[in-house]
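Below is one structure, written out as structure tokens; the observations come after it.
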Amino acid sequence: MPLMRKLSERIAAKLRRSGNPELIRFAEEVEGFPPEGFWDRFFEEAKGKLGLEALRQVQLLLAQDEDAGVRYQVMRRIGETSVLVELARKASVQVKCELLDIMLDREREKFMAVAREMIKDPDPMVKKEVIHKIGDDASLVELAKDPDPVVRQAVALMTSNEHILETLSQDPEPMVRRAVAMRTKSEEVLRRLAWDDDLTVKSAARERMQKLGYSEPKESLLRRLFKFGRKRG
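Using our numbering, read the sequence shown as starting at 1 and increasing by one per residue.
In structure tokens:
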């Protein structure tokens, strides 16, 4: 029996196991699809005969299939940004990295939507993969301006671009400034953060200065005058 014929039967069986009556009915047709152009036929029929929610379920289900070939064929055909973002949020590390590879050839808007979600991933491997795949500073600058502080923090923790780190060192969120303190090698930035109003930022900056062999931070005259004036006021 040809390999693709076996694939059609396996995909049909997976649809039946989903428990969705709409997908179970669709599985009867899938099982009879010919080997030639299987995936083009599959998605053409799915988009024409399944409701939006059922189609979404099919895409998410098969994009996380145990077979890498199936995952590739499905992910490269997903057009809805919301489905791509959901995969970037919920899939395994392996699937996320595969998705990012595929997205490199897609529209920039979709790629950045996936990258923005994946850079928040708790797994350091996923964060590193995002930074590596982005490759250009312009995209990192875009992420560094993201309204979500978790995204900005992730950029600070993963980039070595001192210009981006200097910008993020003035972020209103302490979690972002602390990430900068843990990453930057700029003595000027670290000395400023060593007197940050947030104790976690201050501590991280001083620890980093010690690690890099910089001298003990001393409070500047300007800062002392500012504090004195604030007390008098």
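Here a beta-carbon is modelled for each residue, glycine too, at the ideal position from N, C-alpha and C.
Model, not experiment: these values are computed from the prediction.
For residue i, the first and last residue of its enclosing alpha helix (DSSP H)
i	result
Val72	Residue identity check: residue 72 is Tyr in the sequence provided, not Val. First-last of the alpha helix (DSSP H) with Tyr72: Ala68 to Met75.
Pro174	Pro174 to Arg183
Thr200	Leu199 to Leu212
Leu143	Asp137 to Ala144
Pro149	Pro149 to Met158
Phe33	From DSSP, Phe33 is part of no alpha helix (DSSP H); its letter is neither H nor E.
Arg106	It is not in any alpha helix (DSSP H) - Arg106 carries neither H nor E in the DSSP assignment.
Gln59	Leu52 to Leu62
Ala13	Leu3 to Arg17
Own chain, CB closer than 7 Å to residue i, minus 5 neighbours either side, in chain order
i	result
Val201	Pro174, Arg177, Arg178, Ala181 and Leu193
Val30	Ser8, Ile11, Ala12, Leu15 and Phe42
Val150	Lys120
Val114	Leu84, Val85, Ala88, Leu99, Leu100 and Met103
Lys90	none
Chain-order list of residues whose beta-carbon lies under 6 Å from that of residue i (same chain, five-residue window excluded)
i	result
Trp39	Gln73
Asp65	Arg71
Pro217	Arg191 and Ala194
Ser82	none
Tyr214	Glu187
Gly48	none
Gly37	none
Status (buried if at least 16 other CB within 10 Å, exposed otherwise) for residue i
i	result
Met118	buried
Lys96	buried
Leu153	In the sequence under discussion, the amino acid at residue 153 is Gln, which differs from the Leu named in the question. Flag for Gln153 reads buried.
Asp105	exposed
Leu140	buried
Arg208	buried
Ser169	buried
Met125	exposed
Ala68	exposed
Rounded distance between the beta-carbons of residue j and residue i, thought under 8 Å
i	j	result
Ala54	Glu80	The pair is not a contact, with the Cβ atoms about 13 Å apart (cut-off 8 Å).
Ala144	Val155	5 Å
Asp146	Arg116	6 Å
Phe26	Leu52	At roughly 14 Å, the Cβ-Cβ gap does not stay under 8 Å, so Phe26 and Leu52 are not in contact.
Ala205	Asp196	7 Å
Own chain, CB closer than 8 Å to residue i, minus 5 neighbours either side, in chain order
i	result
Leu57	Going by the sequence as given, residue 57 is Gln instead of Leu. Same-chain partners within the cutoff: Ser18, Asn20 and Leu23.
Leu165	Ala156, Thr159, Val180, Arg183, Thr184, Ser186 and Val189
Glu142	Met112
Which listed residue (the options) has its alpha carbon closest to that of residue i
i	options	result
Ala138	His163, Lys128, Lys110 and Asp121	His163
Val93	Val83, Asp121, Met103 and Pro172	Asp121
Asp148	Leu165, Asp171 and Lys133	Asp171
Leu62	Glu36, Leu99, Glu28 and Pro34	Leu99
Leu60	Ile78, Asp196, Leu168 and Gly213	Ile78
Minimum Cβ-Cβ distance from residue i to chain B less than 8 Å
i	result
Ser139	You won't find chain B in this structure, because it holds only one protein chain.
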